[in-house]
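Note that the UniProt record's numbering gives residue 408 to position 408 of the sequence shown, counting from 1, and the numbers run on in steps of one.
Glycine included, each C-beta is placed from N, C-alpha and C at the ideal position.
To keep things clear, I will list the structure first and then write my remarks on it.
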Amino acid sequence: MNDTPAEEEPVLAGVPTGTSRQTAEPDPVVDFARRWTRAVIDTSYVPMSRPELWDFLTARTRRLLNALLTEHHDGEAAAEVGAELVREHVVAPEALRRTLLLLGSALPELAARVEPGTVVPAARRLELLASLAAGFDGAARDRVLAEQGVIQQAVLNARDAAEEALRSSEARFRAVFTSSALGIAVVGLDGVFQDVNDSMTVIFGVPRERLLGHHMLELADPDWVDKLRRSDRALLAGDTERFAVDVRYTTSEERTVWAQVSAALVTDGAGEPDYQVVLYSDVTDRYMLQAELRRQATHDPLTGLANRTLLATRLQDALRPVPGNRRVGICYLDLDGFKTINDSLGHPIGDDLLCAVANRINNTAANHGALAARMGGDEFVVLVADTDGPTRMLGLVEHLLDEIGRSVRIGGHELNATASAGVVEQPVAGSDPEQLLREADITLYRAKEEGRAQWVMFDSERNAAARRRFRLSATMPAALDRHEFFVEYMPVRRLSDGRTVAMHADVRWDHPEYGELGAEQFVGLAEATGAITRMNDWLLRQACAHAAEWVRRLGTEAPLVTVDLSGRYFRDPDLVSDFREILEETGLPAEQLRLAVPEQALFDEVGDPADTVDIVRELGAAFVVRDFGARYTESRRLRELPVTSVRVTGQYLRRLSEGPRPDPLDEHLVSSVISAAHLLDMTVVADGVDTAEQAQRLRAMKVHAVQGACAGEPVSALEVPELFAPSG
């Protein structure tokens, strides 16, 4: 082993294969192996130079990385790496500890560098570490047993050869006895220590004088005495030649020591048992490692709270049927606006805030005998295994929200977190773990919708409606593939002569479970989930194909077609190219098409909406501004765009037909919006006009056209030509 300091780089020959001192960007695997070398170089006697160790660890890093990235966990490869560390004398407990810490923290990052976009699940990482540790442990155990066998054989050989070379054999035994790192004790057949070496005093922290004359069972913890006694009795009875058992000990300083105890009998010249040689190997680090791996498997690595696995186990226990009317409570928490903190202050500050909040949640839950768990991200769950009704459960929830809301100082920033909570409290009988968590999650979603920093109690009817919305959101993409959507057309009637001049495309969903759904029941969900872009593309293609067929059959009598585009789809950078492609595929003259866009989307800072409007307008299509007048500050800017018509809607417009005279405020609001459109020289279309009285009053206000029940019932694409065919 060379004497190069642990933190220095090798400066002479022996650079690992695959590296070059001229390379601008070193191989990440080689770089990781360098860190590994630094971590273990000073912990063990390794009969390799630093460059040789670096080469060795580079190859093992590649094997571990391959095992991590395979589709199925390759535990044998990881275990073999652990065994090879032992075989190459990287055997110190500190070397294993540093190795596992480095692999656990940096191997996922290495995987992402080698294969960009790779995300290593925590369970896969723990499996790899557990396999490596198991391989290391097995090889270390074999090594210890081999050493024990050598020592015991040396003792036996020394005693067997006593008659021939008593002085020589005693010297050899004494050398082994005094210099071994293993604890060695000469124990009488009655189990009393007759002699012990210095390593025994180191392992157990007890002076030699306090060991001599005492029974070896006195050292062991009470729960482990019987196990050791049975093994020793079998040895003395001749049922076995040796035994090896793991036993727990507690020192006078209340320090826990795990030792692998092995023993063999030494016989006298007549072949009769004379005394025992008992060896003690300190395996505390191995047990601590196993305990840490078990803890990592059931606890969140960032906050230390219980993870999903432990929560599921405790929830199963809480719902176990027992006599009596037991109840259970779940509080599902989510921090409000946490993404803003991550984006503005950085993820390290966000992680510190999560830890601070988690600590408060855990302390509050513990004071109420509850379990706190982190579900991932900024979501937490508090499980109350036995509640005595909603009142005390809600008291806990309010306490949790108050604790989370207290300000905390992190990295020089005074932060105030708030959380929303969904609460479920119900009898254990009939409860299902997955359903309980799902109901709490949906209730949390309702709390977010109704206003943040508050709790909402589970309501079966409202949760059923929320579940329906979630189900619609989740199945929407597949429904498009299954052709469950179709288009109906609403007539647009001109008020001056009563003629139908356009057909408005209205998407509908023939849902296999819920029946026929109108756009108002799912378009908002599509907008929120991002599915609206694909849906709008489909709707535009369908409407253009239908309108092209009308032109072929009706010629100049064919109506215009109006298609609503969402703001998200309008901002799509592929909209213009998709639009050109659709016109070419369908053969629809662009002049027959009207694209209805939300007013706000025309002035979004995302993308370049003005350019999109100009290009589409040059192709021949026209734009209709939807929800006109919602933001007067934006409406003034419509002068800058080639837009010729607007569509107005709203409850105030619908109320125009109520009573002999409309409400003055409603009439004023409608008149103001229409007047603003006229000042911009825009054609005005009113939506949601259901009665002739509404239409008559709107005509007096100089509205050009209306759509709604008074303009005509919705029809299919095949029925449209019949509406415009010449009579007689």
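Query                                                                                                                                  : Result
Cβ-based neighbour list, residue 102, same chain, cut-off 7 Å, excluding 5 preceding and 5 following                                   : 35, 36 and 39
9 Å Cβ cutoff met for residue 456 and residue 422                                                                                      : yes
Counterpart residues of residue 414 in DSSP-defined beta bridges                                                                       : 409
Rounded C-alpha distance that separates residue 405 from residue 123                                                                   : 33 Å
Top-ranked residue by Cα proximity to residue 181, from 46, 281, 231 and 566                                                           : 281
Three-way DSSP call (helix, strand, coil) for residue 532 in this model                                                                : helix
Proximal residues to residue 534 (C-beta, below 8 Å), its chain only, five neighbours per side dropped                                 : 477 and 480
Simplified DSSP state of residue 426, which is helix, strand or coil                                                                   : strand
Nearest-angstrom Cα separation, counted from residue 31 out to residue 128                                                             : 20 Å
Where the beta strand (DSSP E) through residue 707 begins and ends                                                                     : 705-707
Residue 626 and residue 590 closer than 9 Å at C-beta                                                                                  : no
Segment limits, alpha helix (DSSP H) that includes residue 675                                                                         : 664-679
C-beta atoms of residue 77 and residue 138 nearer than 9 Å                                                                             : no
For residue 443, three-class secondary structure by DSSP                                                                               : helix
Between the CA atoms of residue 284 and residue 162 - distance to the nearest angstrom                                                 : Because residue 162 sits at a pLDDT of 49, beneath the cut-off of 50, its placement in the model cannot be relied upon, and the following sentence gives the value as read from the coordinates. Residue 162 and residue 284: Cα-Cα distance of roughly 36 Å.
Sheet register partners of residue 299 (DSSP bridge)                                                                                   : 306
Residue from 121, 687, 175 and 258 with nearest C-alpha to residue 249                                                                 : 258
Endpoints, alpha helix (DSSP H) assigned at residue 56                                                                                 : 50-69
Nearest-angstrom Cα separation, counted from residue 296 out to residue 230                                                            : 34 Å
Three-state secondary structure (DSSP) of residue 514                                                                                  : coil
Sheet register partners of residue 187 (DSSP bridge)                                                                                   : 193 and 276
Proximity of residue 616 and residue 602 at Cβ, strictly below 9 Å                                                                     : no
Collapsed DSSP secondary structure at residue 721 in the structure displayed                                                           : helix
DSSP-derived helix/strand/coil call for residue 260                                                                                    : strand
Whether residue 501 touches residue 705 by CB criterion (9 Å)                                                                          : yes
Cβ-based neighbour list, residue 68, same chain, cut-off 7 Å, excluding 5 preceding and 5 following                                    : 107, 111, 120, 124 and 128
Contacts around residue 716, its chain only, beta-carbon distance under 7 Å, and the 5 residues preceding and following it disregarded : 488
Whole-angstrom distance between residue 721 and residue 552, CA atom to CA atom                                                        : 10 Å
Check: residue 592 C-beta below 8 Å from any heavy atom of the ligand FAD                                                              : The model depicted lacks the ligand FAD and carries no ligand whatsoever.
Any 3 or more C-beta pairs closer than 8 Å across the segment 338-352 and the segment 381-396                                          : no
Whole-angstrom C-beta distance between residue 703 and residue 560, which should lie under 8 Å                                         : That pair is no contact at about 17 Å.
Whole-angstrom C-beta distance between residue 150 and residue 28, which should lie under 8 Å                                          : Not quite, the Cβ-Cβ distance comes to about 42 Å (not below 8 Å), so this is no contact.
Alpha carbon of residue 408 to alpha carbon of residue 437, nearest angstrom                                                           : 29 Å
Sufficient close CB pairs (3 or more, under 8 Å) joining the segment 522-532 to the segment 542-550                                    : no
Distance between residue 512 and residue 485 (C-alpha atoms, nearest Å)                                                                : 11 Å
Cα-Cα separation, residue 310 to residue 304                                                                                           : 12 Å
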